[in-house]
Amino acid sequence: MFRTVLVANRGEIARRIIRGCRALGLRTVAVYSEADRDALHVKDADQAVLLGAAPARESYLNVERILEAARASGAEAVHPGYGFLSENWRFSESCARAGLTFIGPSADAIRAMGDKPEARRRMAAAGVPIVPGTVDPVADAASAERVAAEIGYPVILKAAGGGGGIGMVKVAGAAELTAAFATATRRAQSAFGNGAVYVERYLQASRHVEVQVFGDTRGTVVHLHERECSIQRRHQKLVEESPAPNLDTRTKQGLTAAALAGARAIGYVNAGTLEFLVDPQGDFYFLEMNTRLQVEHPVTEEVTGLDLVTAQLHVAAGDALPFSQDTIQQRGAAIEVRVYAEDPAKGFLPSPGTITRLSLPQGEGIRVESGVAEDSVVSVHYDPLLFKLITRGVDRTQALERLARALDVCELEGVKTTLPLLRTIVAHPDVRRGRMHTQMVEQGAFHG
Numbered sequence: 492m493f494r495t496v497l498v499a500n501r502g503e504i505a506r507r508i509i510r511g512c513r514a515l516g517l518r519t520v521a522v523y524s525e526a527d528r529d530a531l532h533v534k535d536a537d538q539a540v541l542l543g544a545a546p547a548r549e550s551y552l553n554v555e556r557i558l559e560a561a562r563a564s565g566a567e568a569v570h571p572g573y574g575f576l577s578e579n580w581r582f583s584e585s586c587a588r589a590g591l592t593f594i595g596p597s598a599d600a601i602r603a604m605g606d607k608p609e610a611r612r613r614m615a616a617a618g619v620p621i622v623p624g625t626v627d628p629v630a631d632a633a634s635a636e637r638v639a640a641e642i643g644y645p646v647i648l649k650a651a652g653g654g655g656g657i658g659m660v661k662v663a664g665a666a667e668l669t670a671a672f673a674t675a676t677r678r679a680q681s682a683f684g685n686g687a688v689y690v691e692r693y694l695q696a697s698r699h700v701e702v703q704v705f706g707d708t709r710g711t712v713v714h715l716h717e718r719e720c721s722i723q724r725r726h727q728k729l730v731e732e733s734p735a736p737n738l739d740t741r742t743k744q745g746l747t748a749a750a751l752a753g754a755r756a757i758g759y760v761n762a763g764t765l766e767f768l769v770d771p772q773g774d775f776y777f778l779e780m781n782t783r784l785q786v787e788h789p790v791t792e793e794v795t796g797l798d799l800v801t802a803q804l805h806v807a808a809g810d811a812l813p814f815s816q817d818t819i820q821q822r823g824a825a826i827e828v829r830v831y832a833e834d835p836a837k838g839f840l841p842s843p844g845t846i847t848r849l850s851l852p853q854g855e856g857i858r859v860e861s862g863v864a865e866d867s868v869v870s871v872h873y874d875p876l877l878f879k880l881i882t883r884g885v886d887r888t889q890a891l892e893r894l895a896r897a898l899d900v901c902e903l904e905g906v907k908t909t910l911p912l913l914r915t916i917v918a919h920p921d922v923r924r925g926r927m928h929t930q931m932v933e934q935g936a937f938h939g
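The C-terminal residue of the sequence shown carries number 939 in the numbering used here, and the numbering is unbroken.
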């Protein structure tokens, strides 16, 4: 096992990784930008190194500065967290060239699954169902229109070079396609430096269900069951839970088997997640693979009793997985909500500023993963996630009741947040019954 880990991230995920390292007696090195000089993750770590100015490209995305920080601090391993450089295969390779252990999958796996058309090819070859559409990027709007006419509207245009819901454009009919194609390619180029897009059928009223997988260097690959992530805004998740409610045994077994087949097909090592869309008939289709630790990993930890971060560290050090498939069980239920500094009334525009008051819930079955405190400054430069609130219970009803109470006692002033929306979501009758789909927010299900 390495002795010192540099955490190449910020906010709540950096704090979570530092906590995991500390559980194994490892020394931690935080990195930070000028804007984050007083951030909590900086205070948590054993050492902290300034990377540069506030913009991410000058700090958290600056590979050379991060590698310099690792050399200067004596770090032997780098944990990328999620976001920033976590799914950048070039960063993984750069770490290896610098003699650093990258705590995540191989650069080849990141590259293959980060190229969305290539990921679809790999999964189809492994027998994993994929959403009808193109495997290769489409050359122009006319080509996209021919594909759309063949598979049927509505369709969705997606960036070939990246995922996470960034840059997707839904197209309801042929009259919208030319303009939508121009928008999608522009967004893809801006976000990923690659304007290529591909076409998929847009599945109406579908659920977003994902499967957590974990592999080690000994060839073992396991799944840690499923998570429901259907409540989203702009293709970004707001609520996640495990187990997925009202998921029949046939569909669940199919999802976990497909996830294992997909992970094994690429020789996957460390933590990853295969995401699927499930239609109203229970048929499922591969959406994408996130080759990193997920934002929503706490719900899996709460229902399995396992620590995914320490497992990542063990696997990265060459150890066998600290659990086997037959020991991984779901017990009870857990639900997570993400609290963002955003204004839902204004299309979820970010709400930067200073947090003047913050009071977070405590108690049985309540877990908070936070990157902020009172007087923390919410910067315009980074993702506006403030904290995650996770509750668990003996069943979904108890977990939901605890979540509703916990949300009610949350107090946060100084910036607009998604707290009021989350309270409405958790109280909604369809959510209570576990009847959810990915378009509920955009269709206005939680307004009024």
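Beta carbons: idealized from backbone N, C-alpha and C, even for Gly.
> Over what stretch of residues does the alpha helix (DSSP H) that includes Met614 continue unbroken?
Replying inline: Within the sequence shown, numbered from 1, the residue matching residue 614 stands at position 123. Unbroken alpha helix (DSSP H) run through Met614: 607-616.
> When you compare only the Cα positions, how much space is there between Arg926 and Glu792?
Replying inline: For the purposes of this step, residue 926 is identified with residue 435 of the sequence shown, where counting begins at 1. For the purposes of this step, residue 792 is identified with residue 301 of the sequence shown, where counting begins at 1. Going from the Cα of Arg926 to the Cα of Glu792 covers about 24 Å.
> How far does the alpha helix (DSSP H) with Thr791 in it reach, from first residue to last?
Replying inline: On the sequence shown, residue 791 is found 300 positions in, with the first residue counted as 1. That run of the alpha helix (DSSP H) goes 788-795.
> How big is the Cα-Cα spacing for Ile857 and Ile722?
Replying inline: Numbered from 1 along the sequence shown, position 366 holds the residue referred to as residue 857. Numbered from 1 along the sequence shown, position 231 holds the residue referred to as residue 722. Going from the Cα of Ile857 to the Cα of Ile722 covers about 21 Å.
> CA-CA distance, Arg741 and Val700?
Replying inline: Translated into positions along the sequence shown, residue 741 becomes position 250. Translated into positions along the sequence shown, residue 700 becomes position 209. Their backbone Cα atoms lie some 14 Å apart in a straight line.
>> Between Gly502 and Leu876, how many whole angstroms is the CB-CB distance? I'm expecting something under 8 Å.
In response: For the purposes of this step, residue 502 is taken as the residue at position 11 of the sequence shown. For the purposes of this step, residue 876 is taken as the residue at position 385 of the sequence shown. So it is a contact: roughly 7 Å between Cβ atoms.
> For Phe937, which residues from the same chain have a beta carbon less than 8 Å from its beta carbon, with the 5 sequence-adjacent residues on both sides left out?
Replying inline: Mapped onto the sequence shown, residue 937 falls at position 446. Excluding sequence neighbours, Phe937 sits near Leu912, Thr915, Ile916, His919, Met931.
>> Considering only the alpha carbon of each residue, which of Phe683, Gln772, Val660, Gly595 lies closest to His726?
In response: Here residue 726 corresponds to residue number 235 of the sequence shown, with the count starting at 1. Considering only alpha carbons, the answer is Val660.
> Taking the runs of the alpha helix (DSSP H) that are 4 residues or longer, which of them lie wholly in the region 501-575?
Replying inline: 502-514, 531-535, 554-564
>> Tell me the DSSP secondary structure of Ile846 in three-state form.
In response: As a first step, residue 846 must be located in the sequence shown, where it is residue number 355. Annotated three-state conformation of Ile846 is coil, per DSSP.
> Unbroken beta strand (DSSP E) runs of length 3 or more, entirely within the region 714-802: which are they?
Replying inline: 730-733, 761-769, 775-781
>> Counting C-beta neighbours from all protein chains within 10 Å, is the total for Thr847 16 or more, i.e. buried, or is it exposed?
In response: If you number the sequence shown from 1, residue 847 lands on position 356. Exposed, since its Cβ has fewer than 16 Cβ neighbours within 10 Å.
> Quick one: any contact between the region 744-754 and the region 833-845, if contact means 3 or more CB pairs under 8 Å?
Replying inline: The region 744-754, when compared against the region 833-845, does not touch it at the 8 Å Cβ threshold.
>> Within a Cβ cutoff of 7 Å, which residues of the same chain sit near Val629, ignoring the five residues on either side of it in sequence?
In response: Taking the sequence shown and counting its residues from 1, one reaches residue 629 at position 138. Hits under 7 Å: Ala635, Val638, Val688, Tyr689, Val690.
> Alpha carbon to alpha carbon, how far is Thr909 from Glu779?
Replying inline: Counted from its first residue, the sequence shown places residue 909 at position 418. Counted from its first residue, the sequence shown places residue 779 at position 288. Approximately 26 Å between the Cα atoms of the pair.
> Helix, strand or coil: which one does DSSP assign to Ala499?
Replying inline: Counting from 1 along the sequence shown, the entry for residue 499 is found at position 8. Coil.
> Can you pull the DSSP bridge partners for His699?
Replying inline: Taking the sequence shown and counting its residues from 1, one reaches residue 699 at position 208. DSSP lists Leu768 as partners of His699.
> Leaving out the 5 sequence neighbours to the left and right, which residues in its chain are closer than 6 Å to Thr669 when beta-carbon positions are compared?
Replying inline: Reading the sequence shown from its first residue, position 178 is the one you call residue 669. Its chain contains Ala632 as the residues whose beta carbon lies nearer than 6 Å to that of Thr669, once the 5 sequence neighbours on both sides are disregarded; these appear in chain order.
> Can you name the start and end residues of the beta strand (DSSP E) that Thr882 belongs to?
Replying inline: Here residue 882 corresponds to residue number 391 of the sequence shown, with the count starting at 1. For Thr882, the uninterrupted beta strand (DSSP E) run begins and ends at 876-884, by DSSP.
> With a cut-off of 8 Å, do at least 3 Cβ pairs link the region 851-869 to the region 800-812?
Replying inline: no
> Can you check whether the CB of Glu567 is closer than 8 Å to the CB of Thr674?
Replying inline: Reading the sequence shown from its first residue, position 183 is the one you call residue 674. Reading the sequence shown from its first residue, position 76 is the one you call residue 567. No, Cβ-Cβ distance for Thr674 and Glu567 is not below 8 Å.
> Would you say Val554 and Ala561 are within 8 Å of each other, going by their C-beta atoms?
Replying inline: For this step, residue 554 is matched to residue 63 along the sequence shown. For this step, residue 561 is matched to residue 70 along the sequence shown. Cβ distance not < 8 Å, so Val554 and Ala561 don't count as in contact.
>> So, under 8 Å CB-CB, Thr764 and Val704 are touching, yes? Tell me the CB distance rounded to an integer number of Å.
In response: Position 273 of the sequence shown, counted from the first residue, corresponds to residue 764. Position 213 of the sequence shown, counted from the first residue, corresponds to residue 704. Thr764 to Val704, Cβ: 7 Å. Contact.
> Can you list the beta strand (DSSP E) stretches of 3 or more residues lying completely in the region 616-678, in chain order?
Replying inline: Listed in chain order, they are 646-650, 660-662.
> If you drop the 5 nearest sequence neighbours on each side, which residues of the same chain put their C-beta closer than 7 Å to that of Pro645?
Replying inline: Indexing the sequence shown from 1 puts residue 645 at position 154. Correct list, in chain order: Lys661, Val662, Ala663, Tyr693.
> When burial is assigned at 16 or more other CB atoms within 10 Å of the CB, is Gly935 buried or exposed?
Replying inline: Taking the first residue of the sequence shown as position 1, residue 935 is located at position 444. Exposed.
> Between the region 705-721 and the region 568-584, do three or more beta carbon pairs fall short of 8 Å?
Replying inline: Here the region 705-721 makes no contact with the region 568-584; the two share fewer than three CB pairs at distances below 8 Å.
>> Looking only at its chain, what residues have a beta carbon closer than 6 Å to the beta carbon of Pro620, apart from the 5 residues adjacent to it on each side?
In response: Taking the first residue of the sequence shown as 1, we reach residue 620 at position 129. The residues are Tyr776.
> Can the beta-carbon of Gly572 be found less than 8 Å from the beta-carbon of Ile508?
Replying inline: Counting from 1 along the sequence shown, the entry for residue 572 is found at position 81. Counting from 1 along the sequence shown, the entry for residue 508 is found at position 17. Cβ distance < 8 Å, so Gly572 and Ile508 count as in contact.
>> Contact defined as beta carbons within less than 8 Å: I believe Gly823 pairs with Gly884. What is the distance between those atoms, to the nearest angstrom?
In response: Indexing the sequence shown from 1 puts residue 823 at position 332. Indexing the sequence shown from 1 puts residue 884 at position 393. That belief holds up - the Cβ atoms of Gly823 and Gly884 are roughly 6 Å apart, short of 8 Å.
> Are the beta-carbon atoms of Thr929 and Arg698 separated by less than 8 Å?
Replying inline: By 1-based counting over the sequence shown, the position of residue 929 is 438. By 1-based counting over the sequence shown, the position of residue 698 is 207. Yes. Within cutoff.
> What first and last residue would you give for the beta strand (DSSP E) that runs through Arg588?
Replying inline: Taking the first residue of the sequence shown as position 1, residue 588 is located at position 97. That residue, Arg588, is in no beta strand (DSSP E); its alpha helix (DSSP H) goes 580-588.
> What's the gap between the Cα of Leu542 and the Cα of Thr592?
Replying inline: Taking the first residue of the sequence shown as position 1, residue 542 is located at position 51. Taking the first residue of the sequence shown as position 1, residue 592 is located at position 101. One C-alpha to the other measures close to 20 Å.
>> For a test of the three-state rule: what should DSSP assign to Leu804, helix, strand or coil?
In response: Reading the sequence shown from its first residue, position 313 is the one you call residue 804. Looking at Leu804 - three-state DSSP - the assignment turns out to be helix.
> Identify the residues that DSSP records as bridge partners of Gly706: which are they?
Replying inline: Looking up residue 706 in the sequence shown gives position 215. Gly706 pairs with Val712, Asn761.
> Between the beta-carbon of Phe683 and the beta-carbon of Gly652, is there less than 8 Å?
Replying inline: Locating residue 683 in the sequence shown gives position 192, counting from the first residue. Locating residue 652 in the sequence shown gives position 161, counting from the first residue. Yes, Cβ-Cβ distance for Phe683 and Gly652 is below 8 Å.
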